[in-house]
Structures are given as C-alpha cells and as structure tokens.
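Numbers in the working numbering are just positions in the sequence shown, counted from 1, shifted up by 99. Notes for the one structure printed next.
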Amino acid sequence: MKIQGKMFIWLGVFILAIAIVYGVWSKEPAGTTALFLAFGLAVMIGYYLAFTARRVDAGAQDNENAEVSDDAGELGFFSPHSWQPLALGVGGALAFMGVIFGWWLLYFSMPVILVGLFGWVFEYYHGESRTQ
Numbered sequence: 100m101k102i103q104g105k106m107f108i109w110l111g112v113f114i115l116a117i118a119i120v121y122g123v124w125s126k127e128p129a130g131t132t133a134l135f136l137a138f139g140l141a142v143m144i145g146y147y148l149a150f151t152a153r154r155v156d157a158g159a160q161d162n163e164n165a166e167v168s169d170d171a172g173e174l175g176f177f178s179p180h181s182w183q184p185l186a187l188g189v190g191g192a193l194a195f196m197g198v199i200f201g202w203w204l205l206y207f208s209m210p211v212i213l214v215g216l217f218g219w220v221f222e223y224y225h226g227e228s229r230t231q
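If you want it as structure tokens, here you go:
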C-alpha cells in the first residue's frame with residue numbers, strides 16, 4: 100500500500116501545479132476550483148493510504164521482486180447477495196425523477212431510499228444472514 104499512497108500524493112502535486120498554471124492563464128474560476136478540489140481529494144486519499152500502510156503488513160505490491168502468485172489468498176469479506184442496492188437504485192431514480200417532474204415525488208422516494216439504506220446497513224444483524 101505504500102506505493103499507492105506515494106502515487107496519489109505525487110498525483111496531488113501534479114494536479115496542484117496544473118491548477119496554478121490553469122488558474123493564472125485562464126482566469127476561469129470554475130475549472131480552477133475543480134482542479135484545487137481534485138488536488139485536495141488526491142492528497143486526502145494519498146495521506147490515508149500512506150497512514151494505513153504503516154499499520155498493516157507489507158503487501159506483495161510493496162516488494163519489487165514479488166511474483167503475481169505472492170498476492171494470492173483471501174482478500175476480505177464480500178457480500179454474496181443483497182437486494183438492498185436495488186431498493187437504493189429505485190429510490191434514487193425516483194428522487195431524480197422528482198427533480199424533473201415535481202418535488203412531490205420525493206415524498207415517495209425517501210421511504211424507499213431509507214428502507215434500502217437501513218436494510219443494507221443492518222442486513223447482517225437479522226434473518227438467515229445473521230452473524231452476531
């Protein structure tokens with residue numbers, strides 16, 4: 100993870116240089132602001148990855164002589180199935196249609212979004228997938 104942190108920090112430095120040059124030459128505030136925000140985002144991600152890399156074991160990507168097979172094994176826990184993203188997608192689509200057709204549609208989309216969100220957060224605390 101050390102290399103990813105360094106990559107994002109160097110990307111942030113590059114974006115900062117581009118933002119300064121773009122801001123001076125173009126005098127256009129929207130693009131300059133977007134580039135400065137992209138700089139902040141890249142630095143935040145790079146700092147998080149560098150900060151986290153100090154607390155975890157070195158991965159195969161940190162070893163220059165590593166083989167592809169050195170990174171094999173379990174990568175973490177991934178949910179095998181979940182219907183909650185579908186509910187969030189339907190609720191989000193309804194909410195965005197509310198922007199087009201009328202704000203009253205948000206009254207119907209918010210319960211769908213909340214049910215999907217709470218279901219997704221708490222799906223491993225009830226039912227047959229209960230882990231605790």
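In this text, a Cβ means the ideal position worked out from N, Cα and C, and glycines have one as well.
- Under the DSSP assignment, Gly111 falls in the alpha helix (DSSP H) whose first and last residues are 101-125.
- Ile117 is classed as exposed because its beta carbon has fewer than 16 other beta carbons within 10 Å across all chains shown.
- With a beta-carbon spacing of about 3 Å, Leu204 and Gly197 fall inside the 8 Å limit used to define contacts.
- If you look at Leu136, you'll find it in the alpha helix (DSSP H) that goes 128-152.
- In this structure, Ile108 and Ala152 do not form a Cβ contact; the two beta carbons are roughly 12 Å apart against a cut-off of 8 Å.
- In this model, Val189 and Val211 are separated by some 8 Å (Cα to Cα).
- Using a Cβ distance threshold of 8 Å, Thr131 and Gly122 count as a contacting pair.
- Secondary structure of Pro210 (DSSP, three-state): helix.
- Going by DSSP, Leu204 is part of no alpha helix (DSSP H) at all; its letter is neither H nor E.
- Taken through DSSP and simplified to helix, strand or coil, Trp182 comes out as coil.
- A Cβ-Cβ separation of about 34 Å leaves Ser168 out of contact with Glu222 under the 8 Å criterion.
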